[in-house]
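Read the structure below first, then the notes.
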Amino acid sequence: MGLLVKNGEIVTANERRIADIWCEGETITSIGENLPAPEGCDVIDASGKYVFPGFIDPHVHIYLPFMGTYAKDTYESASKAALVGGTTTLIEMCCPAKSDDPIEAFELWKSKAEGLSACDYSFHMGVTRFDENTPDQLRQIVEQGVTSFKVFLAYAGAFAVDDDELFRTLQLAKELDVVVTAHCENATLVSQLQAALLAEGKTGPEYHEPSRPVSVEAAGVQHLMTFAELTGAHTYIVHLSCEEALRAALAARSRGVNVSVETLIQYLLLDKTYAEKGDFEGAKFVMSPPLRDAKNQSVLWNGLTSGEISTLATDHAPFDFAGQKEMGRDDFTKIPNGIPSLEDRVNLLFTHGVQQGRLDIQKFVECASTNAAKIFGMFPAKGAIQVGSDADLVIYDPDYRGTISASTHHLNIDYSAFEGWPIEGRPAAVTVRGEIQVRNGEFVGTVGRGQMVPRKRISDAG
Ligand code: URP
Ligand code: ZN
Ligand code: ZN
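Take 17 as the starting number for the sequence shown in the working numbering and just add one per residue.
What follows is the structure, encoded as structure tokens:
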């Protein structure tokens, strides 16, 4: 038994070459030319195709009680969709309510994945309250290989931490040698601006962006950076959407603050005019931070090509249009926030980045896979094609032409923000630790094959 991937062009962050890859069990054990195919092994002919390391989405929501409802996907639907789209590992946000016990919450989130995930996964542990028990509880969770926390500076009255909690979380993260990921928007400013807009009768989805303007996001980043500077913690800004926020992060980095930046496929390709669509269609495009003025898109693309921005994620947060987004028909502050895109991230980035000449193909691999593996302690098991790495491979057909549609996607959502968008390329086959999970756009694998990836702490990540 074993798997031989023949004649593909291997593209990783640091090399491009045509070669065969031999996988034994779950691991890549040999890379070379004209490798023999032992009797009975699986063979994938990758001629004319790229072979990428499995893609990693470092920011996903699957089980998410939020804004009076629950996100729609299950691990089964989300992981199948992820794999069909080339994502072999995802990191989900474990988001306890303030009143939840963190250990119980972590066990609950894990139980949603166990036996149901077809792809590998991990969690960022949400810290939504910090009391005298928190350090010990978080220590126990970190010991299970969950080496990053998540804090929200936004969502007042729900997930948001106060400054005391933020400081203590960062201090603890520094001590435990783990990363703090953060949603950066100033919660007070959002609440005040929302109230003012509603008082003026401005209730539609088009007012979501004005209620959280770029200055609110930049203020959030600036705030986190000050706390990071004074605690020495390693920070990671999730879903950065605009130039002002990027400038604040880069200014901090230039004075020695440890900060990595993530942006999303939605911010590269969609802009705030989508949330202005009539007949409440705009609600499909409500997320936080909001879609921005289109002028930010070139800044974000440039950030990816220059390396100022490390990762490209989805912040997949799936709420149906019918019955869920509609909860905010008379009040945009009640529209569940999120634009699902887990299935389409890689193909959209390949189409609009690589095929359209905006993103070098190796940079594409870096920001959609390798950098997340490095930042979050999974490299080189994940994010690499080398002897000893997990046999997570995406055999990618750049000549495929197709169209995105909710009617054909594997997600459990009734709409796609990218309905009718053409794609130029898709995975022809996807493997997870040596087992073929996808062929020609269809899931052919095993639900429950996915495992929680034990992640290293910062100093061990190298
Ligand atoms: O709109 C968003 N981003 N929804 C998911 C929750 C979050 O803030 O990440
Ligand atoms: Zn967020
Ligand atoms: Zn999120």
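Glycine included, C-beta positions come from ideal geometry on N, C-alpha and C.
Computed from a predicted structure; not experimentally measured.
Closer than 7 Å by C-beta to residue i: which residues in its own chain qualify, once you throw out the five before and the five after it? Chain order, please.
{"i": "A35", "result": "I26, I47, G48 and E49"}
{"i": "L316", "result": "T279, Y283, L284 and I325"}
{"i": "K390", "result": "G399 and A477"}
{"i": "A176", "result": "F168, L169, A170 and A203"}
{"i": "G41", "result": "G450"}
At a cut-off of 7 Å, is residue i close to ligand 1 when judged by its beta-carbon and the heavy atoms of the ligand?
{"i": "D331", "result": "yes"}
{"i": "H140", "result": "no"}
{"i": "H255", "result": "yes"}
{"i": "N30", "result": "no"}
So what's residue i in DSSP terms, helix, strand or just coil?
{"i": "Q453", "result": "strand"}
{"i": "W437", "result": "coil"}
{"i": "H140", "result": "strand"}
{"i": "P118", "result": "helix"}
{"i": "E225", "result": "helix"}
{"i": "C383", "result": "helix"}
{"i": "G298", "result": "helix"}
{"i": "L358", "result": "coil"}
{"i": "N23", "result": "strand"}
{"i": "K46", "result": "Here residue 46 turns out to be Ser, not Lys, going by the sequence shown. Strand."}
{"i": "M109", "result": "strand"}
{"i": "R417", "result": "strand"}
{"i": "I253", "result": "strand"}
{"i": "L280", "result": "strand"}
{"i": "A163", "result": "Looking at the sequence shown, residue 163 is not Ala but Thr. In this structure, T163 counts as coil in the three-state DSSP scheme."}
{"i": "P69", "result": "strand"}
{"i": "P443", "result": "strand"}
{"i": "D408", "result": "coil"}
{"i": "L182", "result": "helix"}
{"i": "T90", "result": "coil"}
{"i": "E458", "result": "strand"}
{"i": "I37", "result": "strand"}
{"i": "I391", "result": "helix"}
Which one of the options has the shortest CA to CA distance from residue i?
{"i": "V21", "options": "N312, D61, K293 and T28", "result": "D61"}
{"i": "L186", "options": "G173, T247 and E225", "result": "T247"}
{"i": "D287", "options": "S257, D408 and V277", "result": "S257"}
{"i": "A198", "options": "F434, D331, Q453 and H426", "result": "D331"}
{"i": "Q340", "options": "K65, T45, V302 and S314", "result": "V302"}
{"i": "V195", "options": "V162, V76, T251 and P306", "result": "T251"}
{"i": "I157", "options": "V177, D117 and G131", "result": "D117"}
{"i": "E359", "options": "V76, L80, D152 and T289", "result": "V76"}
{"i": "A310", "options": "V230, F459, F82 and F348", "result": "V230"}
{"i": "G168", "options": "K126, A134, D147 and G236", "result": "Reading off the sequence shown, one finds Phe at residue 168, where the question assumed Gly. For F168, the nearest C-alpha among the options comes from G236."}
{"i": "R455", "options": "K218, T90 and V59", "result": "V59"}
{"i": "I44", "options": "G457, G461 and D406", "result": "D406"}
{"i": "E181", "options": "G450, H425 and K166", "result": "K166"}
{"i": "T386", "options": "L19, D89, M17 and E31", "result": "E31"}
{"i": "V162", "options": "G220, G461, A97 and L192", "result": "L192"}
{"i": "L205", "options": "H239, Y137, T28 and G217", "result": "H239"}
{"i": "I7", "options": "A433, I253, P443 and W125", "result": "Examination of residue 7 is not possible in this model, given that the chain is present from 17 through 478 alone."}
{"i": "G102", "options": "R465, A244, V448 and T349", "result": "V448"}
Leaving out five residues before and five after residue i in sequence, what residues of the same chain have Cβ atoms less than 8 Å from its Cβ?
{"i": "T3", "result": "No answer is possible for residue 3: the residues shown for the chain start at 17 and end at 478."}
{"i": "F459", "result": "K96, L99, V100, A134, H426 and Q453"}
Can you determine whether any heavy atom of ligand 3 sits closer than 7 Å to the C-beta of residue i, and answer yes or no?
{"i": "H2", "result": "Residue 2 lies beyond the range of the chain shown here (17 to 478); nothing can be said about it."}
{"i": "M109", "result": "yes"}
How about residue i: is its Cβ closer than 7 Å to a heavy atom in ligand 2?
{"i": "H199", "result": "yes"}
{"i": "S164", "result": "no"}
Here's a check: name, in chain order, each residue in its chain whose Cβ is nearer than 6 Å to the Cβ of residue i, leaving out the five neighbours to either side.
{"i": "L213", "result": "Y223 and S227"}
Within the present structure, is the beta-carbon of residue i separated from the nearest heavy atom of ligand 5 by less than 7 Å?
{"i": "V167", "result": "As far as ligands go, the structure on display features ligand 1, ligand 2 and ligand 3 and does not contain ligand 5."}
Using a beta-carbon distance below 8 Å, is residue i in contact with chain D?
{"i": "P112", "result": "Protein chains in the displayed structure number just one, and chain D is not present."}
> Any contact of the stretch 103 to 121 with the stretch 136 to 153, i.e. 3+ C-beta pairs under 8 Å?
Replying inline: yes
>> Under 8 Å, with one C-beta from each stretch per pair, do the stretch 51 to 71 and the stretch 461 to 478 reach the 3-pair mark?
In response: no
> Okay, do the stretch 258 to 269 and the stretch 292 to 300 touch, 3+ Cβ pairs below 8 Å being the bar?
Replying inline: no
> With contact counted as at least three CB pairs below 8 Å, one residue from each stretch, are the stretch 99 to 107 and the stretch 81 to 91 in contact?
Replying inline: no
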